[in-house]
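Residue numbering for the sequence shown follows my numbering, beginning at 207 and increasing consecutively.
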Amino acid sequence: MAHPKRKISKTRRDKRRTHYKSEAKNYVVCATTGEAHLPHRAYWHEGNLYYKGKVVIEKEAVA
207 MAHPKRKISK
217 TRRDKRRTHY
227 KSEAKNYVVC
237 ATTGEAHLPH
247 RAYWHEGNLY
257 YKGKVVIEKE
267 AVA
């Protein structure tokens, strides 16, 4: 197995890790429902499943 010849300092290690950043998710607002959701994803709103502003699955009425 390979072993480092010298110890890497905390500063050098942290400099390398500065590029690993988390990014905020981009949400879009549906024109039909006004619900914020991830783009190109189906989402639930009031029991109905929406995709591209259209109902994909409707909530079944409980009798």
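Glycine included, every Cβ here is placed at the ideal spot set by N, Cα and C.
What is the DSSP secondary structure of residue i, counted as helix, strand or coil?
i	result
His-209	coil
His-246	coil
Lys-260	strand
What separation, rounded to the nearest whole angstrom, lies between the Cα atoms of residue i and residue j?
i	j	result
Arg-219	Glu-266	56 Å
Val-235	Gly-253	18 Å
Glu-264	Leu-244	20 Å
Ser-226	Lys-216	Inspection of the sequence shows that residue 226 is occupied by Tyr rather than by Ser. Answer to the nearest angstrom: the Cα atoms are 16 Å apart.
Lys-231	Arg-247	13 Å
Between the Cα of residue i and the Cα atoms of the options, which residue gives the shortest distance?
i	options	result
Ala-237	His-251, Lys-216 and Ile-263	His-251
Thr-239	Arg-212, Lys-211 and Lys-260	Lys-260
Would you kindly check if the distance between the Cβ of residue j and the Cβ of residue i is under 7 Å?
i	j	result
Tyr-256	Ala-242	no
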